[in-house]
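Participant: Protein chains in written order, with our numbering: chain A, 55 to 167; chain B, 785 to 896.
Just so it is clear, CB atoms sit at the ideal spot from N, CA and C, and this is done for glycine as well.
In this text, all values refer to a predicted model and were calculated from it rather than measured experimentally.
The structure follows.
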Amino acid sequence: SQQGEEDPQALSIQEGENATMNCSYKTSINNLQWYRQNSGRGLVHLILIRSNEREKHSGRLRVTLDTSKKSSSLLITASRAADTASYFCATDSWRDSNYQLIWGAGTKLIIKP
Amino acid sequence: EAGVTQSPTHLIKTRGQQATLRCSPISGHTSVYWYQQALGLGLQFLLWYDEGEERNRGNFPPRFSGRQFPNYSSELNVNALELEDSALYLCASSLQGAREQYFGPGTRLTVT
């Protein structure tokens, strides 16, 4: 079952604009990660935010985490055509001492030149 | 530093056949993860290997199996292929205990 759910499912914006994607999850977490996937290929890790952090920056990326609302957002500023990709959030899940990442269905981002 | 590699890139099989997918992790990484990604969907966790042992498996039938070799490379086997097994199979590796995973380019399996 999917823990993370991204919103919106798809987003199309003009180059230069900011893009915001949201992720909601159901159970308590240790940390939340965002990944990018280009053209149905392998995923690239973007950023990890721990449950005791509220905001984190990496270049043009800004991630926030609100554990009370069980949600996170990814903001990409000054978007570029190369940012066109699908973006996924992933959260830790521990069941019976077994660890796995639980993934959302992703947000497809299209940057129009 | 070489990234995670997977082979083959594409694999076309007939229903009922068996498929073997291979993954080589980044040097120094001992954990290997396998995921299934059906077209347009998120990743579904399949298997996690670390130090040669299966640490956890997702909600998949037993015909999905695998192993990890002493050099930490890994193999995913899918027996009695069904049409719905058609998907992109992604392998990822990580340092032991690390949360950040590094992904390979995937193997696209098509079952006809």
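#1: For residue 73/A, decide whether its Cβ has a neighbour in chain B, counting only Cβ atoms nearer than 9 Å.
#2: Quick one: list the residues of chain A neighbouring residue 820/B, beta-carbon separation under 8 Å, in chain order.
#3: Helix, strand or coil for residue 859/B, going by three-state DSSP, please let me know.
#4: Can you tell me the Cα-Cα spacing of residue 894/B and residue 820/B, whole angstroms?
#5: Of all Cβ atoms in chain B, is any one closer than 9 Å to the Cβ of residue 136/A?
#6: Counting C-beta neighbours from all protein chains within 10 Å, is the total for residue 122/A 16 or more, i.e. buried, or is it exposed?
#7: Taking 9 Å as the threshold (beta carbon to beta carbon), is residue 889/B in contact with chain A?
#8: Using Cβ-Cβ distances below 7 Å, what residues of the region 805-830 of chain B are close to chain A?
#9: Output needed in chain order: residues of the region 828-852 of chain B with a Cβ under 9 Å from some Cβ in chain A.
#10: Just curious, the beta strand (DSSP E) that residue 850/B is in, first and last residue?
#11: Residue 847/B and residue 862/B - do their beta-carbons sit closer together than 9 Å?
#12: How about residue 89/A and residue 153/A: do their beta carbons lie closer than 9 Å?
#13: Taking 9 Å as the threshold (beta carbon to beta carbon), is residue 164/A in contact with chain B?
#14: Is it true that the CB of residue 828/B sits closer than 9 Å to the CB of residue 807/B?
#15: Tell me which same chain residues have a C-beta within less than 6 Å of the C-beta of residue 64/A, skipping the five on either side of it?
#16: Exposed or buried, what is residue 876/B when buried is set at 16 or more other beta-carbons lying within 10 Å of its beta-carbon?
#17: Do we get a CB-CB distance below 9 Å when we pair residue 876/B with the residues of chain A?
#18: Distance cutoff 9 Å, beta carbons only. Does residue 788/B sit that close to anything in chain A?
Facilitator: Here's the rundown:
#1: no
#2: Near residue 820/B there are no residues of chain A at all, since even the closest Cβ is about 11 Å away, more than 8 Å.
#3: strand
#4: 12 Å
#5: no
#6: exposed
#7: yes
#8: 825, 826, 827 and 829
#9: 828, 829, 832, 839, 840, 841, 842 and 843
#10: 848-852
#11: yes
#12: no
#13: no
#14: no
#15: 162
#16: buried
#17: yes
#18: yes
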